[in-house]
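Here is the structure we will look at.
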Amino acid sequence: MEPAASNMGGHGGSGGRRRAAGSGGGRGSATGGGKRRFRIPGWKWILGVVLLVCGGGMAACAVYYMTLDIPSPNPSTQAQDNVFYWSDGTVLGRQGSVNRQNVTLGQVPAKVQWDFLAAENRTFYTDKGVDPLGMVRAVYHMASGGDVQSGSTITQQFVKNAMLSQQQTVSRKFKEIMISLKIGSEYSKQQILQGYLNSSYYGRGANGIEAAAEAYYHVHASQLTVSQGAFIASTVNEPSVLMNADSDAGARAAATNRWQYVLGWMKKLNKISPAEYDQIMKAGFPVPKPQSDNSSISGQKGYLMDTAAKYVEQKAHLTEQQFSRGGYQVYTTFDRGKVNDLQASVNKMQAKHLNTKLRSIDKNVQVGAASVDPTTGALVAIYGGAGFDKGHYSNNADAQGVPVGSTFKPIVLAAALENGAVLNPGASASKITPDSKFNGNDLITIKNQAGKVIPDSKDPTGLFHQKNDVATKYGFVTLNYAMQESINTPYVQLGEYTGYDNVEKEALSAGLLKTSLQYDTPGFYIGTSTPSAIRMADAYATFANQGLQRDPYSVTKVLNSGKPMTGFDKPKTVRAMPSDTANTVTKVLQNVVQNGTGSNAKALGRPVAGKTGTTDEYKSAWFIGYTPQLVTSVSMFREDPKHPALLSMKGVGGDEKVYGANMPTEVWTNYMQAALHGKPVQNFPQAPDLGKGADENGASPSPSPTPTDNSPTPSPTPSATDTGCPPGHGRNRTCPTATPTGGNTPDPTPSATDTSGGWCGLITCPGGNPTDTSTPTATSSRGKGHHW
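Take 6 as the starting number for the sequence shown in the working numbering and just add one per residue.
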């Protein structure tokens, strides 16, 4: 055994070096050396390594920070939907895949902003975007069973929500911290807080605070109370749980605890006073409203939103693609109650009359309707069809292509009252009043202002013969009576004598669109034009409003990302016709309801003016009526969606003939009874006494009464859309015509029933079936676009 002193050889001695060398053989060497020993590095060496690593890391972080570009927000976090509101401000529905509406920070009450800061980041206005101590506190509280806390600042949460993924990785967290630091130095705190509020998810499908306010309390973010804001701020960490606080006891308890926690900090931070805190606690937890599905397009919602969207695109000069990008809040004129009443009225009529199992012809019967406030032009209700959810996408209330029939006659009368009629070639226009008499017989020829008989190449005689729905020999009747019984021939002749240009001008002034008006043929005067139900309601609103016309509108206000857009003031009021003209037409239409084809509308039980309309082969049927407060148009037609063309409604509902006086009037009456329930009864303005107007040649003197033929089946007659003259506005009235010969034009047969010289009343007018006569069907197919 070697002396112990040999182990203590000098540090630089040869013995020590040899021993070291000898020991290299390892523990199993033949030399039998002992265990290998390692020196522990000195503290200076360790400190140097630590400083080197930290310094290198800090340098790397600094380089990363300097070269880091703040990424653009993820497109998905910027996506918004369009929100539509009823006239009462509640949500009608949404269009878009993401439930988000961005708002400015100024639209969020200051105390609600502090609700979020109290819940998530009380040092928000003083930290640099990252709070290391906050992270440590969050871990500690959660480990000890305390409140759930995110540990991230609001800046970090904004970065994670808007710019990064939701992955739980070290690299993602590192990037989040670095971006947060940089954003904190380059963005204002207000910008960060606004971005956070708009990008956070709150449960119930709500992205952003505006959507959350609507989802939980049916209000805008600007209307939130501090108490409501405290709950919504609580949902950020556990949205899937707290979203059910309205119905689940466990969720309610968790939400209440978190709500109290937030408000407790609000008091500690002096953002609410102790008195406010006590008052809020006394009122109790603000229970969210039950969840509702505003994304549904069932019922009329799809048509309502589609109508409003097209109005916005038109007024704001937006393309459909631009509008579909979202971010618009559209406040409509649609009255939820009236919309429901109108749909219920249509459903009731369909259930009563249509039975597709019993009658195949009842299939594909459609209804379109529109209701307008005549004093403003506001569109308060529409019926567009069965619903988008039922596969019916064409908006029947806003579609052109359904001829309006005899509902056009009041416009012809208004034009004649204003412009007179040229009763003799080359003469000045004569004064026309409702007492003016015209030939009401069936199958008479029609003359133009030049005295030429209108030709018809399809008629064996070469002349056009206008038919009525019945072959009754009315003789000469007043225009008032002709409107009452919806006799065609007087109004076709009146239209020709008044002139196409004058009638067209009157139609445009009343609110119809030129694109919906048919070209110049005799049928034009009895409704071959195809305005939408919306536009027809608006035209009659001009009569109801004493000649003042306002374009129909469906939107009162639009916000784009929280900012108001211009161009949505109410349409201007224009004088379309003298009040005397409008009031006279209204009086004539009141008589239609009291004594004529519109008598079914008397069931409303208040003053009503209205007109029925039916077209050839019963392809469409209308009723348009009004009170001083409300105008409603109802159209009914039949169309196979696979083959778009109007079909005859003969036999629909089990009726041999379908008139506007029947099912359409039934819808109108039921709706108006509900819509006007509780509203005061108002009378129409007094119509002026216009005196006796000029009569058509041959009307006087009146010979003895002539027996009438009440056969309901008229002789076949060609369509009024083919007269042998070139189509288009301003038909050449001197185009070649066949010379009338004896027997081709039935002699006028004066009526024994209209001799009082006054307006047709209850006693002096003859009886008649309350059925309106048919008019030629328009040749154009029904359009699907926006037509008002």
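In this text, a Cβ means the ideal position worked out from N, Cα and C, and glycines have one as well.
Report the three-state DSSP secondary structure of residue i (helix, strand or coil).
i, result
"phenylalanine 89", "strand"
"serine 252", "coil"
"glutamate 644", "strand"
"tyrosine 201", "helix"
"serine 709", "The predicted model places serine 709 with a pLDDT of 36, which falls under 50 and marks its position as unreliable; any figure quoted below should be read in that light. Of the three classes helix, strand and coil, the one that applies to serine 709 here is coil, per DSSP."
"proline 408", "coil"
"proline 649", "strand"
"phenylalanine 628", "strand"
"isoleucine 387", "strand"
"proline 569", "strand"
"tyrosine 524", "coil"
"arginine 555", "coil"
"glutamine 83", "helix"
"glutamine 799", "Nothing can be reported for residue 799: it is not among the residues displayed for the chain, which extend from 6 to 793."
"lysine 616", "strand"
"alanine 9", "No answer about alanine 9 holds up, because its pLDDT of 38 lies below 50 and its placement is not dependable."
"leucine 517", "coil"
"alanine 374", "strand"
Quick check: the Cα distance between residue i and residue j, rounded to an integer number of angstroms?
i, j, result
"threonine 338", "lysine 306", "13 Å"
"serine 411", "asparagine 493", "8 Å"
"tryptophan 673", "alanine 349", "11 Å"
"lysine 103", "serine 329", "In the sequence as displayed, the identity of residue 103 is valine instead of lysine. For valine 103 and serine 329, the distance between alpha carbons rounds to 12 Å."
"methionine 286", "proline 569", "36 Å"
"lysine 655", "aspartate 621", "11 Å"
"valine 579", "threonine 381", "12 Å"
"alanine 666", "alanine 546", "20 Å"
"valine 407", "histidine 225", "41 Å"
"tyrosine 530", "tyrosine 502", "11 Å"
"lysine 519", "alanine 512", "8 Å"
"valine 639", "threonine 617", "10 Å"
"proline 649", "glutamine 405", "13 Å"
"glutamine 112", "aspartate 506", "53 Å"
"glycine 456", "alanine 432", "11 Å"
"alanine 124", "isoleucine 197", "16 Å"
"proline 771", "glycine 425", "In this prediction, proline 771 scores a pLDDT of 36, lower than 50, which makes its location untrustworthy; no coordinate-derived value is stated."
Out of the options, which has the shortest C-alpha to C-alpha gap to residue i?
i, options, result
"asparagine 550", "Lys519, Val590 and Ser205", "Val590"
"lysine 697", "Leu468, Asp574, Gly500 and Lys442", "Lys442"
"lysine 562", "Tyr336, Glu125, Met641 and Met354", "Tyr336"
"tryptophan 264", "Leu428, Val372, Thr324 and Thr240", "Thr240"
"tyrosine 90", "Tyr623, Asp311 and Ala419", "Asp311"
"proline 557", "Leu635, Asn345, Thr128 and Gly703", "Leu635"
"isoleucine 416", "Asn360, Asp543 and Leu110", "Asp543"
"aspartate 367", "Pro295, Pro649, Arg643 and Gly269", "Arg643"
"alanine 614", "Ser625, Ala692 and Asn565", "Ala692"
"tyrosine 222", "Pro291, Leu247, Asn424 and Ala420", "Pro291"
"methionine 677", "Lys463, Asp694 and Lys607", "Lys607"
"valine 117", "Leu268, Ala250 and Lys133", "Leu268"
"valine 88", "Thr632, Val686, Ser566 and Trp627", "Ser566"
"aspartate 440", "Gln112, Gly431, Phe481 and Leu110", "Phe481"
"aspartate 346", "Gln326, Ala321 and Ser376", "Ser376"
"glycine 331", "Ala314, Asp340, Gln319 and Val344", "Ala314"
"alanine 374", "Thr637, Asn688, Val96 and Thr95", "Thr637"
"glutamate 490", "Thr619, Leu384 and Ser433", "Thr619"
"valine 231", "Thr131, Ile277 and Ala211", "Ile277"
"asparagine 107", "Thr95, Asn203, Thr160 and Trp119", "Asn203"
"isoleucine 188", "Gly255, Ala220 and Ile159", "Ile159"
What do you get for residue i, buried or exposed, if any count of 16 or more other CB atoms within 10 angstroms of its CB means buried?
i, result
"serine 365", "exposed"
"threonine 324", "exposed"
"valine 351", "buried"
"glutamate 509", "buried"
"serine 537", "buried"
"proline 8", "Reliability of the predicted coordinates at proline 8 is poor, the pLDDT of 42 falling under 50, and no value is obtained from them."
"threonine 571", "exposed"
"aspartate 93", "exposed"
"lysine 165", "buried"
"threonine 438", "buried"
"proline 379", "buried"
"alanine 280", "exposed"
**Item:** Uninterrupted alpha helix (DSSP H) stretches inside the segment 289-361 (no shorter than 4 residues)
**Value:** 306-321, 325-329 and 341-358
**Prompt:** Where are the alpha helix (DSSP H) runs, 4 residues long or more, that stay fully inside the segment 411-484, in chain order?
**Reply:** 414-424
**Request:** List in chain order: all unbroken beta strand (DSSP E) runs of 3+ residues lying wholly within the segment 661-707.
**Result:** none
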